[in-house]
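Sequence positions in the sequence shown follow mature numbering (1 follows the signal peptide of the UniProt record, and there is no 0) and run -31 to -1, 1 to 201. Glycine is no exception: its CB is placed at the ideal position from the N, C-alpha and C atoms. Note that the coordinates shown come from a computational prediction; the quantities given were computed from them, not determined experimentally. First up is the structure itself, then whatever we jot down about it.
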Amino acid sequence: MKRYDPTRRKFIQTAAVATSSVCLLPSMALADKTQSKGEGYQPQYFTPEEWQFIVAITDQLIPEDELGGGATAAGVPEFIDRQMMTEFGKGELFYMHPPYYIHSAPTLGYQEQYPPNELYRHAIAQIEQYISQKYQKKFHELPSETQIAVMESMEAGKIPLEGISSSATFFNLLWKNTQEGFLSDPKYGGNKEMIGWKLVGFPGARADFMDFVDKPGEPYPYGPVDIAGKRG
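Have a look at this one:
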């Protein structure tokens, strides 16, 4: 994993353009300080300790910077918490019976013995135990540089997790869910104030773009609109 720094949000701005069109299916305004710390929402799935971990690590993945609000301001922790209670989180969209081929090709799909919501729970508990033994602190209590070092170990698969194929598996799932929360329609709990869409220049759920189909490369002049019809 390349060392995280504030400029990594610029990766979202460039790389996410290629995938932002799927967000319709499932001056940048910042959320208030309470919301930006993940405190404006009471988690329904995660425990308070798990919630602190989710808020802290998503804040590292997409931090607030000169481009605008980051993951916590956008409500990404809320999105992930709500996602854990869906068919996806419960594993109802996957074949969840053994045998599990943890080193299989991606075309074989999800291969963990735990559904995503349980994988989060088991992984967070074991990662926090690893951190506690090594640093005598919780993840959210660590200084930023140490959090990044832990995340690098996690992504490299160097943190042993019992019952889970690799810490990299959890890290990749978390990173994917973080991006989804940052770029999804606000109805799902993330992308508050359409922060993510404004960052990448995605127009949202506007009904008609015919005036602009013959203007390739020209910036879209209007702000985004979500599925509910709210204008950003």
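Where residue i sits in the DSSP three-state scheme
i           : result
G37         : strand
G165        : helix
K106        : coil
S135        : coil
P(-26)      : Only weak support exists for where P(-26) lies, its pLDDT of 46 falling under 50; the coordinates are left without a value.
I96         : helix
F15         : coil
residue 222 : The question about residue 222 has no answer, for the chain in this structure spans -31 to 201.
L88         : helix
N160        : coil
L142        : helix
E187        : coil
S101        : helix
L130        : coil
F63         : coil
E56         : coil
P68         : coil
Between the CA atoms of residue j and residue i - distance to the nearest angstrom
i           : j    : result
L130        : T76  : 24 Å
E187        : K145 : 29 Å
H66         : P46  : 29 Å
T119        : Q21  : Looking at the sequence provided, one finds Val at residue 119 rather than Thr. When rounded, the distance between both Cα atoms is 16 Å.
Q116        : I196 : 36 Å
Y83         : I96  : 16 Å
Q105        : G165 : 35 Å
A137        : M179 : 43 Å
P(-6)       : Q148 : Any reading at P(-6) needs caution, since the residue's pLDDT is 36, under 50, leaving its predicted position unreliable; the model's value is listed next. P(-6) and Q148: Cα-Cα distance of roughly 13 Å.
residue 226 : F63  : Because the chain in this structure spans residues -31 to 201, residue 226 falls outside the shown range and cannot be described.
Q29         : Y69  : 32 Å
H91         : P32  : 25 Å
T41         : S153 : 14 Å
Y89         : F139 : 7 Å
Y10         : Y157 : 13 Å
P85         : L142 : 8 Å
V182        : A43  : 30 Å
K184        : P190 : 12 Å
D34         : P155 : 21 Å
A176        : I49  : 28 Å
E56         : I71  : 22 Å
Q52         : Y79  : 16 Å
S73         : A25  : 31 Å
Q102        : V194 : 47 Å
T27         : P17  : 15 Å
K59         : E19  : 17 Å
S12         : I23  : Checking the sequence, you will find Pro at residue 12 rather than Ser. Roughly 11 Å separates the two Cα atoms.
V169        : F108 : 30 Å
I128        : E121 : 10 Å
DSSP beta-bridge partners of residue i
i    : result
G173 : V194
R200 : V194
For residue j and residue i, believed in contact at Cβ under 8 Å, the rounded distance
i    : j    : result
G159 : G173 : That belief does not hold up - the Cβ atoms of G159 and G173 are roughly 14 Å apart, past 8 Å.
I133 : E81  : 6 Å
M54  : Y14  : 5 Å
G201 : E162 : 7 Å
G37  : K167 : 7 Å
G126 : S135 : 4 Å
Cutoff 8 Å: residue i Cβ touching any chain D Cβ
i    : result
K103 : Here there is only one protein chain, and chain D is not present.
Any non-hydrogen atom of the ligand HEM closer than 7 Å to residue i Cβ
i    : result
D180 : The ligand HEM is not part of this structure, which contains no ligands at all.
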